[in-house]
Every structure is written in structure tokens, then in C-alpha cells.
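Chains as they are written, first to last, in our numbering: chain S, -6 to 176; chain P, -6 to 176.
Ideal placement from N, C-alpha and C gives every residue a C-beta, glycine not left out.
In this text the structure is predicted, and so the values were computed from the model without any measurement.
Following: one structure in C-alpha cells, then a few remarks.
Now the structure itself:
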């Protein structure tokens, strides 16, 4: 799936062939079809694995120990890690439209909404617990998703920042803000 | 250009024809070619107008009155407005790759970098002036760009929030953070 993502990103989904993916992965085309029935199914499985694993991680964080604020910090870190490991995937996800079947699209959408709602619930619970200031939890969630998802546009694996450092700085910005406070 | 953006977003750049754009704008195809030489030139002009006008606005804010922090607040508001007015444009910009000529792509990139660097300079100057806390100004800039650009994914012009309200809440989040402070 990682190889297919790279091929899809480099050539574009439509231009990429199963032949090329098989070649890149060191398989015969026939053998590849043993595992996967079509290019569309491959793309669907890539999306589903990515969003599904992100949702499972978030659910574990949500069910785990810690205050809502600590969990939100963990969630930001997990999201930054997930995106920085799946730059190709998010590029393809945002670029390709109407390539999945309506049913496949619906399944991806369900996972995505589950993820977004759980993140919003973490934000809301932090507010109810008095750890976070009361602001619109939906807009705050979109802001969090925006700053973390946008990583796919600029992150360089051999660049100046590790995912951990990015997550720390983003969490610091989100929790404590940019303004210098008067003593 | 607004009509072309809508057609490009709905049909995809490759599938859309100059015939359809001419029809949507209420022109003969021949008359459209009087104004524009090709579909590629049309897309280039759309991107250039958008990023160019955003850069000019940011330059005016930068050169105008106010402290760096006040200017940064204005910049966030201007960016939110620009994106919420150009949802189609950003969708196409992120979706279509390798459709512009290398020269056209270079020009768009120069504008984009000019914009990003000026925003980063505003952040840095706020830090130097002691109004903003010292954090990595590049990562802060990417966070700002991410949360504001991501608007194209969720903003609904007939939804609950106006661009002004989104800008106010995002600026509040960026400057003062989400954490409840102990008295």
C-alpha cells in the first residue's frame, strides 16, 4: 500500500497502472491481483487503513488515562505523526475526487466523521472540565485539523523538525497561544 | 474567472471544456478566445489573480499602521476572507498538479513564497517587539496557513459562521490559546 501511494502521488491515480504498481513492489501483475481486485479497491483500502488506524488511535487515547487536556495533547501528537507518515496518502485523498464508488466513499466519510466528532468531544470535555476556555468546539476542532493536516504540504522528512517537535510546538501554540502575557 | 473556477471544480480541469465555460458565462466560444488564449492560461490567470491579490492585501497590512500583533490579527482576518471567497480556487489549486507550464508554475510559486515570507516576517517582528512569545516563526506561520487554508474543506457560505466570526475565533485561539488559566 505504501508503494501504491507513492506511485499514485507521482503519476496521478488515473495515469498509474496496476502493472507499474506490481513492478514497483517487485511482483507479477497477476500476483498483485491475487491480493487486490482492482486499482479502485487498492485506493479504497489505502484510505480506509489510514483513517481507520487514526480513529482507533484516537479512541484509545480517549478511553485511556489522563485529563481531557492531556488527552487532547496526545491526540495532536498522534495526528501529527499519522500525517507525517502518510504525506502521499493525504495528497492523493485531497487530489482525487469521484474515484471511489459511492459505497466506498460513504465508508470513508463515516470513519472521517467519527474521527472529527471524537476530537471535538475531547475539546468539549476539556471545556466542561474547566481545563479549556469556552470557545466554539467545532471551530476549534477545524482549526486543529487544519494546522495538523496542512503538514502534508510542507513537511520534509529530512528537514529541521521531527514530528515530535512539530507536535510539541503546535500543542504549545494551541494551549497557550502566541501572545506575550503581562506579568 | 469565477465561472471558470466553478466549472473546473465541478467537472475537473481536464474534463471541462472551453465550450462549457463559454456556455456558462453566456458567450460564444470564439468570443471567449478573444479574451483568453487557452484553458491553461485561464487557470494560470485564476491562480495568479488569487495569490497576487492576497499578497497585495498582506503588503498593505504590513505597511499600514498598528503594532505587529494588530497587523497579524488583520492578516488572519484577510486570509480567512480570501479563502472563504475562493473555495473553488483552493480546491482546484490543491487538486490539479502539472497542468501549468513550468514558467507559470514558477510565477505562482514566487507569489506564494512572497506571501508566506511576509506572514512569517509579521510573526517574527511581533516576537522581536516582545508582543508575541518566542516560538519557531516558520512553524507558527505554517500553523496559521494550515488552519486558515483548511477552511476550503469545511466552510459553508450559508452555514453558522461568517468569515468575520471565524477570523475572530481563530485569532483568539492563536493569540490567547485554549488553556484555561489559573487566576
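Chain S contact residues for residue i, given Cβ-Cβ distances below 7 Å
i, result
"residue 149 of chain P", "None at all; the shortest Cβ gap to chain S is about 11 Å."
"residue 136 of chain P", "140, 163 and 166"
"residue 204 of chain P", "The requested residue 204 of chain P does not occur in the structure, where chain P is confined to residues -6 to 176."
"residue 159 of chain P", "132"
Per-residue DSSP class, three states only, for residue i
i, result
"residue 172 of chain S", "strand"
"residue 148 of chain P", "coil"
"residue 154 of chain S", "coil"
"residue 97 of chain P", "helix"
"residue 89 of chain P", "coil"
"residue -6 of chain P", "coil"
"residue 19 of chain P", "coil"
Endpoints, alpha helix (DSSP H) assigned at residue i
i, result
"residue 7 of chain P", "First-last for residue 7 of chain P: undefined, no H or E at that position."
"residue 142 of chain S", "130 to 142"
"residue 28 of chain P", "22 to 28"
"residue 55 of chain S", "32 to 56"
"residue 77 of chain P", "61 to 78"
Within chain S, partners of residue i - CB distance below 9 Å
i, result
"residue 168 of chain P", "170, 171 and 172"
"residue 80 of chain P", "Neighbours of residue 80 of chain P on chain S: none; closest Cβ ~14 Å, over 9 Å."
"residue 88 of chain P", "87, 88, 89 and 90"
Span separating the alpha-carbon of residue i from that of residue j
i, j, result
"residue 8 of chain S", "residue 14 of chain S", "11 Å"
"residue 5 of chain P", "residue 114 of chain P", "36 Å"
"residue 140 of chain P", "residue 139 of chain S", "4 Å"
"residue 51 of chain P", "residue 20 of chain P", "35 Å"
"residue 60 of chain S", "residue 119 of chain S", "8 Å"
"residue 126 of chain S", "residue 18 of chain S", "49 Å"
"residue 142 of chain S", "residue 135 of chain P", "11 Å"
"residue 172 of chain S", "residue 128 of chain P", "11 Å"
"residue 99 of chain S", "residue 93 of chain S", "9 Å"
"residue 82 of chain S", "residue 37 of chain S", "11 Å"
"residue 137 of chain P", "residue 111 of chain P", "13 Å"
"residue 86 of chain P", "residue 122 of chain P", "35 Å"
"residue 71 of chain S", "residue 47 of chain S", "8 Å"
"residue 27 of chain S", "residue 16 of chain S", "15 Å"
"residue 39 of chain S", "residue 69 of chain S", "22 Å"
"residue 65 of chain P", "residue 116 of chain P", "7 Å"
"residue 34 of chain S", "residue 101 of chain S", "13 Å"
"residue 105 of chain S", "residue 58 of chain P", "43 Å"
"residue 145 of chain S", "residue 55 of chain S", "25 Å"
"residue 79 of chain S", "residue 133 of chain S", "23 Å"
"residue 160 of chain S", "residue 73 of chain S", "6 Å"
"residue 155 of chain P", "residue 149 of chain P", "9 Å"
"residue 23 of chain S", "residue -6 of chain S", "17 Å"
"residue 53 of chain P", "residue 153 of chain P", "30 Å"
"residue 166 of chain S", "residue 174 of chain S", "14 Å"
"residue 75 of chain P", "residue 42 of chain S", "34 Å"
"residue 91 of chain P", "residue 90 of chain S", "17 Å"
"residue 32 of chain S", "residue 96 of chain S", "16 Å"
Residue i: contacting residues in chain S (beta-carbon distance under 8 Å)
i, result
"residue 128 of chain P", "162, 165, 166 and 171"
"residue 40 of chain P", "Chain S residues near residue 40 of chain P: none, gap ~15 Å exceeds 8 Å."
Residues sharing a beta bridge with residue i, DSSP
i, result
"residue 125 of chain P", "S/172"
Under 8 Å from the C-beta of residue i: neighbouring residues of chain P
i, result
"residue 36 of chain S", "Simply none; closest approach about 15 Å."
"residue 62 of chain S", "172"
Contacts that residue i makes with chain P (C-beta to C-beta distance below 7 Å)
i, result
"residue 1 of chain S", "In chain order: nothing, as chain P lies at least about 12 Å away."
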